[in-house]
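> I'd like to ask you about the structure that follows.
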Amino acid sequence: MGDYLLFMLSAIVINNILLIKFLGVCPFIGVSSSMDSAIGMSAACIFVNVLASSLCWMVQSFVLEPLGLEYIQTLAFIVVIASLVQLVEIVLQKVAPPLYSALGIYLPLITTNCMIFGVAVLNIREERGFIDTVVYAVSTAVGFSMALILLAGIRERFAIARIPKVMQGFPAGLITAGMMGLSFYGLVGLA
Amino acid sequence: MSRIVKEFTKGLWDEIPPFRFVLGLCSVLAVTTSVSSAVGLGGGVVFVLIMSNVLVSVFRKIIPDKVRIAVFIVIIASGVIIVELVMQAYFYGLFQVLGIWIPLIVVNCVVLGRAEAFARKESVVLALADALGMGVGFTISLTVLASLREIIGVGTWFGISVMPEWYAGFPYIIKPPGAFVCLGIILAIMNVVSARIDAKKREAA
C-alpha cells in the first residue's frame, strides 16, 4: 500500500505529467484562461485517460503481442483513442445529457491531447501490469487537472493585472507555467 | 507559381509554428534540451507533414466529410510508424534520445491542423508547398529554441563547446521549468519584432 502511495505521489506531483514531462501542453495553454473551462477539461481528461489507458493496455496484451504486431502500436492506439472519444461522446449524449452539455465541447479536443496517448504508450514502455496502469492513469490525470486548475486560477487574475502588451496571452501564460513548474520541481527530493 | 511561393514562405515567418501558430508545444518543450535532438525531431515532423498533406490532398475528393478526422489520423499514424522504424534501423542513438516523442508526432497538432485547415481544400502542389514551409518553419523554431537552451544551459552547440572556459552553465534553462520560460520569452520577442515591422509598413504606406 505504501508503495502505491509513493507511486501516486510521484506521478501526481514530482513527475507532474504537464509541468515536468510536457504531455498535454496544448490544452494546458489553450483552455486555462477561464476556470470553468479548466474544470470541464480536467473532468473529461480524468475520465477518458483512465478508459483509454486500460483499453490500450488490453489491446497491447491481448491483440498486438499475441499476433506479433507491436510495430503498429502507434496506429492501433490512436485509432482506439479516437473511437473511444467518439463512443464516450455518443454514450454521454444518450445517458447523461447534463454531463454531456458540461463536457461535450472538450471531448473532441481530447483526441489530440498528447497526455492520453502519451500515458498509454508510457505504460507499455515501462511494462506495467494492469492495476499499475490504471493507478498511473488516474494519478497522471489528477496531476494534469491540478496544474490546469491552478494555472487557470492564476490567469483569471491576469485580467486585473497590468501586463506589458507584448507579454499578454501566451507569453505570460508560459512564463507563469515555468514558475509553477519550478515549485513542483523543488519536490524532486521527496521520492 | 507565386501562390506556391506564398504558401511555402508563410510557414517561415507569418504563421511559423509553434511561435505564431501556437500548436504542437509539447514536443517543442521536451526535445529542445539539445540541438541534435531538436533537428532529429524536426526531420521526422517534416516527413510526416509532407506525407499527410500530400495524401490528404490527393484523396480530398474521396474522403467522406463526416469521418475525415479519423482518416487523417490513420494517414498520419502510418507516416509516424515509417519514421519510427527508419529511425530505429538507421539512427538508433537519436531513436533512444527522442524515445516517446517519436510516436507522439501522431498527436502533434501542427500535422493534423495543416491537414484539416489546408490540405483537404487545396491542390497537391500547394499542399506540398504548405507542408514543406510549415515543416521547415517548425524545424527552424525548434533549432532556435534548442540553440538558446543548449548554449545558455550547458555552453555547447551540437555538443561542441562554444562558451569561454570559465562559463559554468545555467542548468535551469535545460530543466523542464526553464523550457516554459524560454518559450515565453521568445514569443514575447517575436511580438515586439512583428509590431516593429507592422509599424514600419504603416509608415511606408
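Chains as they are written, first to last, in this note's numbering: chain A, 1 to 191; chain B, 192 to 396. Note that CB positions come from ideal geometry on N, CA and C, so glycine has one too.
What first and last residue would you give for the alpha helix (DSSP H) that runs through lysine 257/B?
Run containing lysine 257/B: none; DSSP gives neither H nor E here.
> Helix, strand or coil, according to DSSP, for isoleucine 351/B in the structure here?
If DSSP states are grouped into helix, strand and coil, isoleucine 351/B belongs with the strands.
> So which residues on chain A does glutamate 367/B lean against when the C-beta distance must stay under 8 Å?
For clarity, residue 367/B is proline in the given sequence; the question names glutamate instead. Here the neighbours are Leu19, Ile20, Lys21, Phe22, Gly181, Tyr185.
> Using alpha carbons as the reference points, say which of Leu323/B, Val297/B, Pro362/B, Met325/B lies closest to isoleucine 342/B.
Residue Pro362/B is the option with its Cα nearest to isoleucine 342/B.
> Are isoleucine 20/A and tyrosine 136/A touching if we call contact CB-CB under 9 Å?
No, these two residues do not count as a Cβ contact at 9 Å.
> Please classify glutamate 313/B as buried or exposed, where buried requires at least 16 neighbouring CB atoms within 10 angstroms.
Flag for glutamate 313/B reads buried.
> In terms of residues, what are the limits of the alpha helix (DSSP H) holding methionine 146/A?
130-158 is the span of the alpha helix (DSSP H), which, as asked, contains methionine 146/A.
> What does the Cβ neighbour count give for glycine 2/A, buried or exposed, with the cut at 16 atoms within 10 Å?
So glycine 2/A ends up on the exposed side.
> Cα-Cα, which of Ser53/A, Lys94/A, Tyr106/A, Leu67/A is closest to valine 79/A?
The shortest C-alpha separation from valine 79/A is found at Ser53/A.
> Is it a yes or a no for the segment 318-325 of chain B touching the segment 196-209 of chain B, going by three-plus beta-carbon pairs under 8 Å?
Yes, they touch.
> Label isoleucine 388/B either buried or exposed according to how many other C-beta atoms from any shown protein chain fall within 10 Å of its C-beta, with 16 as the threshold for buried.
Classification for isoleucine 388/B: exposed.
> Out of curiosity, what's the CA-to-CA distance linking alanine 31/A and tryptophan 357/B?
According to the sequence shown, residue 31/A is valine rather than alanine. Approximately 44 Å, taken between the alpha carbons.
> Residues of chain A with CB closer than 9 Å to the CB of glycine 375/B, please, in chain order.
Going along chain A in sequence order, the residues near glycine 375/B (Cβ under 9 Å) are Met167, Phe170, Pro171, Ala172, Gly173, Leu174, Ile175, Thr176, Ala177, Gly178.
> Where does glutamine 168/A fall in DSSP's three states?
Three-state result, glutamine 168/A: coil.
> Using C-beta distances below 7 Å, list every residue in its chain close to phenylalanine 349/B, excluding the 5 sequence neighbours before and after it, in chain order.
Hits under 7 Å: Val226, Ser227.
> Does DSSP classify alanine 44/A as helix, strand or coil?
Alanine 44/A falls in the helix class under three-state DSSP.
> Per DSSP, what kind of secondary structure is serine 332/B in: helix, strand or coil?
Reduced to three states, the DSSP call for serine 332/B is helix.
> Helix or strand or just coil, what does DSSP make of tryptophan 57/A?
Note: tryptophan 57/A maps to helix in three-state DSSP.
> Kindly give me the distance between the Cβ atoms of phenylalanine 117/A and isoleucine 81/A, rounded to whole angstroms, as I take these residues to be in contact under 8 Å.
Confirmed, about 6 Å.
> Would you verify that the beta carbon of glutamate 244/B is, or is not, closer than 9 Å to some beta carbon of chain A?
It should be noted that the sequence gives asparagine, not glutamate, for residue 244/B. Chain A contact via Cβ: absent.
> Output yes or no for whether 9 Å exceeds the beta carbon distance between valine 222/B and leucine 289/B.
Yes, these two residues count as a Cβ contact at 9 Å.
> Would you check if there are 3 or more beta carbon pairs closer than 8 Å linking the segment 142-149 of chain A to the segment 33-47 of chain A?
The answer is yes - the segment 33-47 of chain A touches the segment 142-149 of chain A, with three or more Cβ pairs under 8 Å.
> Would you please verify whether the beta carbon of cysteine 26/A is less than 9 Å from any beta carbon of chain B?
Yes, cysteine 26/A counts as interfacial toward chain B.
> Can you look up proline 108/A in the DSSP assignment and give me helix, strand or coil?
Helix, per DSSP.
> Report the rounded CA-to-CA distance for glycine 394/B versus alanine 370/B, giving the unit in angstroms.
In the sequence under discussion, the amino acid at residue 394/B is glutamate, which differs from the glycine named in the question. Between glutamate 394/B and alanine 370/B, the C-alpha separation is close to 36 Å.
> Residues of the segment 281-308 of chain B in Cβ contact with chain A at a cutoff of 7 Å, in chain order, please.
Listed by position, the residues of the segment 281-308 of chain B near chain A (Cβ gap below 7 Å) are Ile291, Pro294, Leu295, Val297, Val298, Cys300, Leu303.
> Listed from N- to C-terminal order along the chain, which residues in the segment 252-274 of chain B have their beta-carbon within a distance smaller than 9 Å of any beta-carbon of chain A?
Flagged, chain order: Ile260, Ala261, Ile264, Val265, Ile267, Ala268, Ser269, Val271, Ile272.
> With DSSP run on the structure shown, which of helix, strand or coil describes methionine 115/A?
Methionine 115/A: helix per DSSP, three-state reduction.
> So, with DSSP's three-state summary, where would you put proline 209/B?
Coil.
> From glutamate 65/A to leucine 18/A, what distance separates their C-alpha atoms?
Each residue's alpha carbon lies about 30 Å from the other.
> Since leucine 333/B meets chain A, which of its residues come closer than 8 Å, beta carbon to beta carbon?
In chain order: nothing, as chain A lies at least about 13 Å away.
> By alpha-carbon positions, which one of Ser332/B, Thr334/B, Ala310/B ends up nearest to phenylalanine 250/B?
When each option's Cα is compared against that of phenylalanine 250/B, the closest is Ala310/B.
> Residues in its own chain within less than 6 Å of glutamine 279/B by CB, not counting five upstream and five downstream?
Here the set comprises Phe286.
> Using a 10 Å radius around the Cβ and a threshold of 16 neighbouring Cβ atoms, would you call valine 258/B buried or exposed?
By the neighbour-count rule (16 or more Cβ atoms within 10 Å), valine 258/B is not buried but exposed.
> Alpha carbon to alpha carbon, how far is alanine 229/B from alanine 337/B?
Near 6 Å, if we compare the C-alpha coordinates of alanine 337/B and alanine 229/B.
> List, in chain order, every chain A residue whose beta-carbon is nearer than 7 Å to that of leucine 214/B.
Within chain A, the residues near leucine 214/B are Cys26.
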